[in-house]
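Trainee:
Protein chains: 2
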Amino acid sequence: MQLPLGSLTPDQYVLVYNAFSFGLATFAAATIFFWLGRSQVASEYKTAMTITGLVTFIAFYHYFRIFESFDAAVSMTNGVVETTGKEFNRAYRYVDWLLTVPLLLIELILVMRLSQSETISRSTTLGIAAALMIALGYPGEVSAGIGSDRLLWGALSMVPFLYIVYSLYVGLGKAIQSQPENVRGLIGLARNVTVLSWFFYPVVYFAPFVVDLQGADAFVAIELGYTLADLIAKAAFGVLIFTIAVRKSAASA
Amino acid sequence: MQLPLGSLTPDQYVLVYNAFSFGLATFAAATIFFWLGRSQVASEYKTAMTITGLVTFIAFYHYFRIFESFDAAVSMTNGVVETTGKEFNRAYRYVDWLLTVPLLLIELILVMRLSQSETISRSTTLGIAAALMIALGYPGEVSAGIGSDRLLWGALSMVPFLYIVYSLYVGLGKAIQSQPENVRGLIGLARNVTVLSWFFYPVVYFAPFVVDLQGADAFVAIELGYTLADLIAKAAFGVLIFTIAVRKSAASA
Numbered sequence: 001m002q003l004p005l006g007s008l009t010p011d012q013y014v015l016v017y018n019a020f021s022f023g024l025a026t027f028a029a030a031t032i033f034f035w036l037g038r039s040q041v042a043s044e045y046k047t048a049m050t051i052t053g054l055v056t057f058i059a060f061y062h063y064f065r066i067f068e069s070f071d072a073a074v075s076m077t078n079g080v081v082e083t084t085g086k087e088f089n090r091a092y093r094y095v096d097w098l099l100t101v102p103l104l105l106i107e108l109i110l111v112m113r114l115s116q117s118e119t120i121s122r123s124t125t126l127g128i129a130a131a132l133m134i135a136l137g138y139p140g141e142v143s144a145g146i147g148s149d150r151l152l153w154g155a156l157s158m159v160p161f162l163y164i165v166y167s168l169y170v171g172l173g174k175a176i177q178s179q180p181e182n183v184r185g186l187i188g189l190a191r192n193v194t195v196l197s198w199f200f201y202p203v204v205y206f207a208p209f210v211v212d213l214q215g216a217d218a219f220v221a222i223e224l225g226y227t228l229a230d231l232i233a234k235a236a237f238g239v240l241i242f243t244i245a246v247r248k249s250a251a252s253a
Numbered sequence: 254m255q256l257p258l259g260s261l262t263p264d265q266y267v268l269v270y271n272a273f274s275f276g277l278a279t280f281a282a283a284t285i286f287f288w289l290g291r292s293q294v295a296s297e298y299k300t301a302m303t304i305t306g307l308v309t310f311i312a313f314y315h316y317f318r319i320f321e322s323f324d325a326a327v328s329m330t331n332g333v334v335e336t337t338g339k340e341f342n343r344a345y346r347y348v349d350w351l352l353t354v355p356l357l358l359i360e361l362i363l364v365m366r367l368s369q370s371e372t373i374s375r376s377t378t379l380g381i382a383a384a385l386m387i388a389l390g391y392p393g394e395v396s397a398g399i400g401s402d403r404l405l406w407g408a409l410s411m412v413p414f415l416y417i418v419y420s421l422y423v424g425l426g427k428a429i430q431s432q433p434e435n436v437r438g439l440i441g442l443a444r445n446v447t448v449l450s451w452f453f454y455p456v457v458y459f460a461p462f463v464v465d466l467q468g469a470d471a472f473v474a475i476e477l478g479y480t481l482a483d484l485i486a487k488a489a490f491g492v493l494i495f496t497i498a499v500r501k502s503a504a505s506a
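Chains as they are written, first to last, in our numbering: chain A, 1 to 253; chain B, 254 to 506.
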């Protein structure tokens with residue numbers, strides 16, 4: 001799809017620019033927060049904190065790339081927005097998700113401290129389903145225009161997506177009931193934040209079929225939508241994981 | 254608002270340039286000081302020190318961006334200041350404040366070690382009020398000229414601002430009285446530094462309505478004013494938080 005970057009208004013250009021910078025700064029700060037926080041949890045939750053920080057670290061790297069790619073593709077001189085001819089790489093988000101989404105699910109499973117066999121089996125099936133979901137969405141995202149290819153690949157991607165949502169509610173639902181009482185509510189909240197923030201992504205993906213957004217407006221809506229969803233699903237979700245790990249560590253001490 | 258960067262005198266250009274570099278260096282140094290200091294406080298104050306360092310880290314990142322943006326927008330060759338046509342991004346300050354101002358309030362609440370429920374409720378209401386205050390000030394700052402838009406958005410932004418000041422004095426006032434005696438004065442001082450340094454921002458924001466500063470003079474006054482306010486509100490304030498955390502750690506040991 002030819003991106004309508006040249007028709008961005010100056011306000012839209014600055015808004016997208018600052019949203020990418022905001023994402024970059026937030027993910028860098030969140031990473032340090034989680035890795036420093038690692039020393040404040042019991043040893044059995046340290047891997048969960050390492051991975052929580054890895055997710056935001058990988059997101060930090062990709063927002064840096066997205067920021068640089070946008071900066072190279074579009075420029076504003078004397079208040080006029082122009083494309084430079086360089087490509088804006090939309091694939092960075094998918095490379096990011098391919099790495100971070102399986103890790104996000106593993107993060108949630110690790111902080112629950114299930115049995116070793118259950119941890120491995122759930123991490124494997126949910127991790128593979130998540131990777132499949134991202135890989136299937138990608139051809140639709142980069143296909144030309146908003147047409148049948150986007151619809152087909154988007155629909156295929158929804159199969160593993162719905163399987164993950166089902167697993168989180170039904171499969172993990174029972175495991176949540178066996179968690180210590182002081183964190184049961186928080187783990188349920190983390191599960192709900194995961195599912196709700198994840199619903200953002202298909203909403204943004206399919207929005208162009210429903211709302212008649214054209215050109216630059218569609219671009220701005222998609223980029224701001226994905227950025228907000230990433231911030232909730234990775235940084236805010238990570239703060240919940242940290243809080244759960246701290247409380248469970250205090251209880252076991 | 255078209256920035257009068259081209260009419261900066263060589264002295265003004267160098268002054269602003271060095272002020273941004275000074276901010277960048279101070280925030281980088283402060284960040285390392287706070288994160289290294291984390292090992293000197295008891296475990297219950299480690300999160301406060303992590304966040305104190307995050308605030309200056311985020312400010313360091315934004316002063317780096319502001320410095321680079323100013324460097325790209327204006328150049329001085331053979332003693333003549335000229336604009337390059339590239340935009341000086343004034344929004345970086347607002348992106349910074351959107352992240353750091355809620356964190357500054359959380360820092361102060363964390364070092365007081367209130368009950369868990371009070372910590373969460375105060376952090377949430379003060380954090381949301383702070384984000385609202387920044388978001389409402391932004392449209393006025395980027396509006397064309399010094400006119401009614403700046404006045405309207407500035408006035409709206411003052412509502413959450415005054416709510417925060419009121420909360421810090423009345424709400425936290427009682428909590429301060431229940432702090433250990435050896436830090437009560439310091440926490441009161443930290444609260445006063447917050448409020449006094451924060452009053453700098455609306456003073457700088459509204460100054461162009463009161464003082465007849467035009468063009469380059471107004472630009473220099475605004476940028477130096479905000480930089481000074483940031484240094485006090487983030488770095489100097491952080492040193493107070495560190496001192497409080499060290500004293501409380503010694504008392505509880």
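Ideal placement from N, C-alpha and C gives every residue a C-beta, glycine not left out. None of the values given here were measured: they were computed from a predicted structure.
Can you tell which of A:89, A:107, A:97 and A:23 has the C-alpha that lies nearest to the C-alpha of residue 240 of chain A?
Mentor: The shortest C-alpha separation from residue 240 of chain A is found at A:107.
Trainee: What does a CB cutoff of less than 8 angstroms around residue 225 of chain A pick up in its chain, not counting 5 residues either side in sequence?
Mentor: 200, 203, 204 and 207.
Trainee: Any chance the stretch 179-199 of chain A sits against the stretch 232-252 of chain A, with 3 or more Cβ pairs inside 8 angstroms?
Mentor: Taking 8 angstroms as the limit for Cβ pairs, the verdict is that the stretch 232-252 of chain A does touch the stretch 179-199 of chain A.
Trainee: Looking at the structure shown, is residue 9 of chain A part of a helix, part of a strand, or coil, going by DSSP?
Mentor: Note: residue 9 of chain A maps to coil in three-state DSSP.
Trainee: Report the neighbours of residue 29 of chain A on chain B: residues whose CB is nearer than 8 angstroms to its CB, in chain order.
Mentor: Here the neighbours are 307, 310, 311 and 352.
Trainee: Please say whether residue 262 of chain B and residue 495 of chain B have beta carbons closer to each other than 8 angstroms?
Mentor: No, these two residues do not count as a Cβ contact at 8 angstroms.
Trainee: Would you say residue 331 of chain B reaches chain A, if we count a Cβ-Cβ gap shorter than 8 angstroms as a contact?
Mentor: Chain A, which has no Cβ nearer than 8 angstroms to the Cβ of residue 331 of chain B, makes this no.
Trainee: Quick one: which unbroken beta strand (DSSP E) runs of 3-plus residues sit fully inside the stretch 311-384 of chain B? Chain order, please.
Mentor: If we require 3 residues or more, the beta strand (DSSP E) runs fully inside the stretch 311-384 of chain B come out as 327-330 and 333-336.
Trainee: Taking three-plus beta-carbon pairs below 8 angstroms as touching, is the stretch 190-197 of chain A in contact with the stretch 257-277 of chain B?
Mentor: At 8 angstroms Cβ cutoff, the stretches do not touch.
Trainee: Cα-Cα, which of B:372, B:380 and B:321 is closest to residue 356 of chain B?
Mentor: Among B:372, B:380 and B:321, the Cα nearest to that of residue 356 of chain B belongs to B:380.
Trainee: On a CA-only basis, which of B:351, B:415 and B:391 is nearest residue 384 of chain B? Give me that one, please.
Mentor: Checking every option, the nearest Cα to that of residue 384 of chain B belongs to B:351.
Trainee: Quick check: the Cα distance between residue 81 of chain A and residue 96 of chain A, rounded to an integer number of angstroms?
Mentor: The alpha-carbon atoms of residue 81 of chain A and residue 96 of chain A are separated by roughly 28 angstroms.
Trainee: Name the chain B residues that come within less than 9 angstroms of residue 18 of chain A, Cβ to Cβ?
Mentor: Simply 342, 344, 345, 347 and 348.
Trainee: Quick one: does residue 106 of chain A have its CB under 8 angstroms from some CB of chain B?
Mentor: Cβ-Cβ to chain B under 8 angstroms: no for residue 106 of chain A.
Trainee: Taking CB distances under 8 angstroms as the criterion, tell me whether residue 22 of chain A reaches chain B.
Mentor: Judged by the 8 angstroms Cβ criterion, residue 22 of chain A is in contact with chain B.
Trainee: Answer yes or no: does any C-beta atom of chain A fall closer than 8 angstroms to that of residue 314 of chain B?
Mentor: Yes, because at least one Cβ of chain A sits closer than 8 angstroms to the Cβ of residue 314 of chain B.
Trainee: Helix, strand or coil, according to DSSP, for residue 470 of chain B in the structure here?
Mentor: Note: residue 470 of chain B maps to helix in three-state DSSP.
Trainee: Going by alpha carbons, who is nearest to residue 142 of chain A out of A:46, A:94 and A:188?
Mentor: Among A:46, A:94 and A:188, the Cα nearest to that of residue 142 of chain A belongs to A:94.
Trainee: Looking at the unbroken alpha helix (DSSP H) that takes in residue 463 of chain B, where does it start and where does it end?
Mentor: Per DSSP, residue 463 of chain B belongs to the alpha helix (DSSP H) from 434-463.
Trainee: If you follow the alpha helix (DSSP H) that residue 250 of chain A is in, where does it begin and where does it stop?
Mentor: First-last of the alpha helix (DSSP H) with residue 250 of chain A: 237-252.
Trainee: With three or more beta-carbon pairs closer than 8 angstroms as the criterion, would you say the stretch 109-118 of chain A touches the stretch 54-64 of chain A?
Mentor: The stretch 109-118 of chain A vs the stretch 54-64 of chain A: no contact.
Trainee: Taking all protein chains shown into account, decide if residue 69 of chain A is buried (16 or more other Cβ within 10 angstroms of its Cβ) or exposed.
Mentor: Flag for residue 69 of chain A reads buried.
Trainee: For residue 374 of chain B versus residue 389 of chain B, is the C-beta distance shorter than 8 angstroms?
Mentor: In this structure, residue 389 of chain B does not lie closer than 8 angstroms to residue 374 of chain B by Cβ.
Trainee: Using a Cβ cut-off of 8 angstroms, pull out every chain B residue sitting near residue 220 of chain A, in sequence order please.
Mentor: Under the 8 angstroms cutoff, chain B gives no residues; its nearest Cβ is about 15 angstroms from residue 220 of chain A.
Trainee: Can you check which of these residues, A:244, A:253, A:235 and A:252, is closest to residue 31 of chain A by C-alpha distance?
Mentor: Ranking the options by Cα distance to residue 31 of chain A, first place goes to A:235.
Trainee: When you compare only the Cα positions, how much space is there between residue 254 of chain B and residue 282 of chain B?
Mentor: Bear in mind that a pLDDT of 46 at residue 254 of chain B, under 50, signals an unreliable position, so the model cannot answer this.
Trainee: Can a CB atom of chain A be found closer than 8 angstroms to the CB of residue 491 of chain B?
Mentor: Cβ-Cβ to chain A under 8 angstroms: no for residue 491 of chain B.
Trainee: Counting only Cβ pairs nearer than 8 angstroms, list the residues of chain A close to residue 291 of chain B.
Mentor: Neighbours of residue 291 of chain B on chain A, chain order: 36.
Trainee: In this structure, how does DSSP classify residue 15 of chain A when only helix, strand and coil are distinguished?
Mentor: Note: residue 15 of chain A maps to helix in three-state DSSP.
Trainee: What does the alpha-carbon distance come out to for the pair residue 481 of chain B and residue 474 of chain B?
Mentor: Rounded to whole angstroms, residue 481 of chain B to residue 474 of chain B spans 11 angstroms at the Cα level.
Trainee: Rounded C-beta distance between residue 300 of chain B and residue 363 of chain B? I'm assuming under 8 angstroms.
Mentor: With 8 angstroms as the limit, residue 300 of chain B and residue 363 of chain B qualify as a contact, their Cβ atoms being about 6 angstroms apart.
Trainee: Check residue 396 of chain B in the structure and name its three-state DSSP category.
Mentor: It is coil, neither helix nor strand.
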